[in-house]
Amino acid sequence: ERSAFMKRDAGSGLVMRLHERPALLVSSTGWTEKFEQLTLDGHNLPSLVWSVDLGVCLHTSSSGLDLPMKVVDMFGCCLPVCAVNFKCLHELVKHEENGLVFEDSEELAAQLQMLFSNFPDPEGKVNQFRKNLRESQQLRWDESWVQTVLPLVMDTLKPQDPCCPSRSFFSESQGKPFRAAPPSGQKLK
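Using my numbering, you'd call the opening residue of the sequence shown number -15 and step up by one each time.
Structural data, given as structure tokens:
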């Protein structure tokens, strides 16, 4: 089996990217007013994303506080991205580390030209971003919560507040999930 982008080794069954192939991009949002939206089964999405060289994220946020889940999907498959900038995007996309951030279409066009001018280049930025994604040590949600949200909560609550756990409780749990104990004299059902 062979396509313009990949081939399957008849002996091993492994699928490999062809060296002499065009670059393949995927976007999380339509590029034009007239586009056909295709849906994939959950098990086919990783296969598609794996075969792509770069993701382009055109997601913007009216609040500036919601992150694009398609980028999370792309990063889960070690796919670097070019993403339109907004308030909290830096929490997910690290410019020049796991992708690039752009402000407008001209900047995106320049980034695409730079990234693919010598494609495929094993030493190029796309492969470096992919390598960085593979090597990154992402925090689990509970570890991230303890590092980012807990300090804000602890600064907001008053220590004498009965619902306020002590700082030592959280430092002892080290961000691990826990079950709260029932009020004294009551049993968990």
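Beta carbons are placed, not taken as given, at the ideal position from N, Cα and C, and that holds for glycine.
It should be emphasised that the depicted structure is a prediction, and the values quoted were computed from it without experimental measurement.
Mark residue i as exposed unless 16 or more other C-beta atoms lie within 10 angstroms of its C-beta, in which case mark it buried.
i: Asn82; result: buried
i: Ala94; result: exposed
i: Asp50; result: exposed
i: Gln170; result: Residue confidence is low: Gln170 scores 48 on pLDDT, short of 50, so the model does not pin down where it sits. Its coordinate-derived value is still stated next. Exposed, since its Cβ has fewer than 16 Cβ neighbours within 10 Å.
i: Leu141; result: exposed
i: Leu185; result: Absent from the model: residue 185. The displayed extent of the chain is -15 to 173, so no value can be given.
i: Arg114; result: buried
i: Met58; result: buried
Can you tell me the Cα-Cα spacing of residue i and residue j, whole angstroms?
i: Val65; j: Asp139; result: 35 Å
i: Val130; j: Glu75; result: 16 Å
i: Asn102; j: Glu4; result: 11 Å
i: Lys54; j: Ser(-4); result: 32 Å
i: Asp88; j: Gln97; result: 15 Å
i: Asp105; j: Asn111; result: 8 Å
i: Leu2; j: Pro135; result: 49 Å
i: Arg(-14); j: Pro6; result: 14 Å
i: Val36; j: Val85; result: 18 Å
i: Met(-10); j: Trp34; result: 11 Å
i: Ser46; j: Ala(-6); result: 50 Å
i: Thr44; j: Pro52; result: 8 Å
i: Leu(-2); j: Ser128; result: 36 Å
i: Met0; j: Ala(-12); result: 12 Å
Just curious, the alpha helix (DSSP H) that residue i is in, first and last residue?
i: Gly60; result: 53 to 60
i: Arg118; result: 109 to 119
i: Leu38; result: Segment 38 to 41 is the beta strand (DSSP E) holding Leu38; no alpha helix (DSSP H) there.
i: Leu134; result: 134 to 140
Bridge partners of residue i, per DSSP?
i: Phe79; result: Checking the sequence, you will find His at residue 79 rather than Phe. In the DSSP output, where bridge partners are listed per residue, His79 has Gly83.
i: Met98; result: Partner(s): none; Met98 has no beta bridge.
Note the first and the last residue of the continuous beta strand (DSSP E) segment covering residue i.
i: Lys(-9); result: -10 to -8
i: Leu9; result: 9 to 11
i: Cys66; result: 65 to 68
i: Arg5; result: Counting along the chain, Arg5 falls outside any beta strand (DSSP E), and DSSP gives it neither H nor E.
Does the separation of the CB atoms of residue i and residue j fall below 8 Å?
i: Lys78; j: Gly48; result: no
i: Leu9; j: Leu38; result: yes
i: Ser11; j: Val56; result: no
i: Leu99; j: Val68; result: no
i: Arg118; j: Cys62; result: yes
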